[in-house]
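Going by my numbering, the first residue of the sequence shown is number 1, and it counts up by one from there.
Below is one structure, written out as structure tokens; comments come after it.
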Amino acid sequence: MAFLSFFLMIALSACNEAQLPTKTAIRKTMTKQHQSANPYYSRTDTTRLNLSDAVWKQVLSPAVYDVARHGSTEQAFTGKYWDYEGKGTYFCAACGNMLFRSDAKFASTCGWPSFFETVRPNSVLYRKDLSFGMERTEVVCGRCKAHLGHVFDDGPLPTGKRFCMNSIVLEFEPDKS
Ligand code: FE
């Protein structure tokens, strides 16, 4: 009898695995894949990261690495989020730090995803950027210091700020319906 119960348990578990994966299961798989490729990625650990350039080069894709670690800028109107209107949260693609909510995203004609505020004041850090003969404020991730973009004073109310970000260093997670 015990053997029959054990056999039934195995059979039921196999049937369960054969079912189509749910959205949550897909999301968990995606997160696991990301974590296995980049062991420093976490959506819960807020410990600041201070890794060498060589380590970042090893764990990030070349496209993310170029923008996140060397301040490259993706071409306007080419990123996946510049006109995206999905409801959810944007995380740092390099380390998983929570950065923006879609509620703070606004339609901007600049060709890059634009937000009027971060999720938390310390979600990002700021640096003076004097490159290209301009004086701008660079925005970097508050956890891993990945270059995200720049912030300008021509955004909408209530803050008047425009966080002009590179899509490639953002990772969008839709709200659970
Ligand atoms: Fe980060």
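Glycine included, each C-beta is placed from N, C-alpha and C at the ideal position.
- Residues of the same chain with a CB within less than 8 Å of the CB of Thr118, apart from the 5 flanking positions on each side, are Leu99, Phe100, Ala104, Val124 and Phe163 in chain order.
- In the structure shown, the three-state DSSP call for Ser114 is strand.
- Taking all protein chains in view, the Cβ of Pro121 is surrounded by fewer than 16 other Cβ atoms within 10 Å, so the residue is classified as exposed.
- Per the coordinates, the alpha-carbon of Phe152 lies some 14 Å from the alpha-carbon of Gly111.
- Taken through DSSP and simplified to helix, strand or coil, Gly133 comes out as helix.
- Using a Cβ-Cβ distance cut-off of 8 Å, the segment 80-93 and the segment 126-138 are not in contact, since fewer than three pairs of beta carbons, one from each stretch, lie closer than that value.
- With respect to the C-alpha of Pro156, the residue from Phe106, Met165, Glu135 and Asp175 having the closest C-alpha is Phe106.
- The Cβ atoms of Phe172 and Gly96 lie no closer than 8 Å to each other.
- Distances from the alpha-carbon of Ala54 to those of His70, Val140, Asp45 and Thr44 put His70 closest.
- Exposure of Gly86 is indicated by the presence of fewer than 16 other C-beta atoms within 10 angstroms of its C-beta.
- Relative to the ligand FE, Arg143 has its C-beta within less than 7 Å of a heavy atom.
- For the segment 32-119, the continuous alpha helix (DSSP H) assignments of 4+ residues that do not extend past its boundaries occur at 53-59 and 62-70, in sequence order.
- Under the DSSP definition of a beta bridge, Pro174 partners with Gly88.
- In chain order, Ser114 and Arg162 place their CB closer than 7 Å to the CB of Ser108, counting only its own chain and leaving out the 5 sequence neighbours on each side.
- For Lys128, the beta-bridge partners assigned by DSSP are Thr137.
- Short of 6 Å from the beta carbon of Gly149, and not among the five residues preceding or following it, lie these beta carbons of its own chain, in chain order: Val139, Cys164, Met165 and Asn166.
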